[in-house]
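If you read the sequence shown in the numbering used here, its first letter stands for residue 17, the second for the next number, and so on. Using N, Cα and C, we set each Cβ at its ideal position, and we do this for glycine too. Quick caveat, the model's predicted, so the values are computed rather than measured.
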Amino acid sequence: MSVLTGRQIRELVFSGQTLIDPFDDCLVEPATCDLRVFHKVLASPVGDTQTGKVVDLRECPDGYSILPGQMIAILSLERINLPLNIVGRFGIRSSMARKGLNAFGGVQLDPGFRGRLMMNLVNVGPRPVPIYNEFRMFSVEFSKLDEEVEQGYCGPFQDQDDFPADQYNYILSAGT
Numbered sequence: 017m018s019v020l021t022g023r024q025i026r027e028l029v030f031s032g033q034t035l036i037d038p039f040d041d042c043l044v045e046p047a048t049c050d051l052r053v054f055h056k057v058l059a060s061p062v063g064d065t066q067t068g069k070v071v072d073l074r075e076c077p078d079g080y081s082i083l084p085g086q087m088i089a090i091l092s093l094e095r096i097n098l099p100l101n102i103v104g105r106f107g108i109r110s111s112m113a114r115k116g117l118n119a120f121g122g123v124q125l126d127p128g129f130r131g132r133l134m135m136n137l138v139n140v141g142p143r144p145v146p147i148y149n150e151f152r153m154f155s156v157e158f159s160k161l162d163e164e165v166e167q168g169y170c171g172p173f174q175d176q177d178d179f180p181a182d183q184y185n186y187i188l189s190a191g192t
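Shown next, in the form of structure tokens:
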């Protein structure tokens, strides 16, 4: 198993493999590819409020500030489509972690996975951290397996395009 370089990621995409969609060549790093935030965010209640809210980042030209102690759920703008010989790992970009965001989520992407990536974040820092529509937030690393797997991922998050119902319930009602 070997980690794909930025050049190898580009070669896969340009050869017709829909690894990342939409693909933006400017987001490719030496051995990873950055992914951006989708416009829909789930934000937990803060302070005295009892319910959280669904935030549309397209309606927030100044961004949305994640307050200290607040939890949010985000999706990637890009959809991932892994062939049966590629595995992935993803996480928050280090620039965001240094601002106090702590990420929770499934970091492993099994061969055959298709869909948007979801991540929960908590601001454990002392200051609000703004995020913006299509903001570079994730970093994904791809590794090529020595052979194809017999069965690709077929779990509940296959073809994920929105947050699962339990995520809406958990985050939006966290204050009750």
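In angstroms with no decimal places, state the Cα-to-Cα distance between residue i and residue j.
i    : j    : result
C42  : N136 : 25 Å
Q124 : P144 : 29 Å
V44  : S110 : 15 Å
Y148 : L161 : 35 Å
F151 : D178 : 18 Å
D72  : M153 : 16 Å
L188 : V70  : 8 Å
A190 : M17  : 41 Å
F30  : P172 : 29 Å
So if DSSP puts residue i in a beta bridge, which residue, or which two residues, is it bridged to?
i    : result
F158 : G104
M134 : L91
C42  : Answer is none; C42 lacks a bridge partner.
S81  : P146
S110 : In DSSP, S110 forms no bridge with anything.
F120 : N136
I36  : I96
A59  : K69, I88
Just tell me which of the options has its CA closest to the CA of residue i.
i    : options               : result
G116 : R109, P142, F30, A190 : P142
I96  : I187, Y186, T34       : T34
R105 : V156, C49, Q176, E75  : V156
P146 : I102, M112, D50       : M112
T21  : Y186, F158, F54       : F158
P99  : L51, I25, P127, D50   : P127
L28  : Q66, H55, S60, N101   : N101
Y186 : G68, L51, M17, T48    : G68
L51  : A89, F39, I88         : F39
For my contact list, residue i and residue j are in at a C-beta cut-off of 8 Å; report their separation, rounded to the angstrom.
i    : j    : result
N139 : I82  : 5 Å
V57  : Y80  : 6 Å
E75  : I36  : About 26 Å separates the two Cβ atoms, so there is no contact after all.
G131 : Q174 : 6 Å
Take the Cβ of residue i as the centre, count every other Cβ of all protein chains shown within 10 Å, and call the residue buried at 16 or more, exposed below.
i    : result
R23  : exposed
A181 : exposed
T48  : buried
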